[in-house]
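J.: In this text, residue positions in the sequence shown follow UniProt numbering: the first is 1, and each later residue adds one.
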Amino acid sequence: MAQLEDLGPVEQLRAGRLPLRILWLFLGLTGFGVGAGMLLLSALGTQPWNVMEAAIAERTGLTIGTVVVIVAFLVLALWVPLREKPGLGTFANALWIGPVMDVTIALIPAPEGLPGRVVMMFGGILVVGVFDAVYIGAQLGPGPRDGLMTGLHRRFGMPVGPIRLGIEVAVLAVGWLLGGPVGVGTVAFALLVGPVVHWALPRVTIPVTPPRRRGTTPPRPRGTGIQAGQR
């Protein structure tokens with residue numbers, strides 16, 4: 001199974017298999033948007049960021065997808081003082097998921113009964129988890145929200161887990177205060193999406209070859225008989 005590499009924005013583009021990885025990137029983002037739309041259609045609660053974004057959409061009259069894009073770029077602005085570097089996948093994430101959510105909500109009928117809503121909720125969580133792994137597995141850069149988390153981690157040295165928890169609790173609280181859709185789906189998402197991503201990620205990650213960084217010594221061919229320190 002392939003592993004994730006620590007690549008900068010330029011290295012991501014030079015790590016090989018780029019056409020396939022771009023296809024994988026947009027497949028993952030599309031699936032993520034569909035799953036997020038399904039969670040909203042279930043009317044049983046959604047993921048923390050979408051709770052806040054749905055509340056803002058309700059109050060402003062904008063579509064949820066439009067708000068998702070706006071929030072993504074506002075979060076990207078926070079990258080500047082953290083000196084985070086966006087990749088191709090970062091901008092694709094910011095621009096693509098929101099419109100896909102709008103299309104999903106427009107095309108898929110909302111379930112009427114509770115059993116249908118429960119199925120839609122769990123289906124949305126599964127789809128988000130699997131396709132989030134597909135997006136990550138393209139290895140073309142983190143999304144705006146994940147980059148904020150890792151940027152704070154690098155800047156202040158705090159563990160990633162508490163930072164992520166703090167950010168998501170904060171946006172969830174704002175969304176709840178604004179009247180966003182908090183419910184059992186919010187709790188189910190928090191408990192289940194991580195294990196789904198963990199299961200799927202090694203199975204869908206595209207293996208890449210990191211380009212040699214400047215100042216590093218390329219490996220010598222085997223069988224030459226040359227040892228370290230010899231010429």
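Heads up, the beta-carbon is just placed ideally off N, CA and C, and yes, glycines get one too.
1) If we count the other Cβ atoms within 10 Å of its Cβ and call it buried at 16 or more, is F73 buried or exposed?
2) Considering only C-alpha positions, which residue in the set A92, V51, P48, L78 is nearest to V69?
3) Grouping DSSP H, G and I as helix and E and B as strand, with all else coil, what is A92?
4) Check whether the stretch 17–28 and the stretch 98–111 touch, using three or more Cβ-Cβ pairs below 8 Å as the test.
5) Along the chain, where does the alpha helix (DSSP H) containing P86 start, and where does it finish?
6) Please return the same chain residues whose Cβ sits closer than 7 Å to the Cβ of A200, not counting the five positions on each side in sequence.
7) Would you call the stretch 119–129 and the stretch 31–41 in contact, with 3 or more CB pairs under 8 Å?
8) Since A15 contacts L4 with CB under 8 Å, what's their CB separation in whole angstroms?
9) Which same chain residues, not among the five before or five after G45, have their C-beta less than 6 Å away from its C-beta?
10) Does DSSP classify R14 as helix, strand or coil?
11) Specify, as a first and last residue, the run of the alpha helix (DSSP H) that L44 falls within.
12) Between which residues of its own chain and G175 is the CB-CB distance below 6 Å, once the five residues before and five after are set aside?
T.: So, from the listed chains and residues:
1) exposed
2) A92
3) helix
4) no
5) Careful: P86 lies outside any alpha helix (DSSP H) and carries neither H nor E.
6) G129, V130, A133
7) yes
8) The pair is not a contact, with the Cβ atoms about 11 Å apart (cut-off 8 Å).
9) P181, V182, G183, V184, G185, T186
10) coil
11) From DSSP, L44 is part of no alpha helix (DSSP H); its letter is neither H nor E.
12) V51, M52, A55
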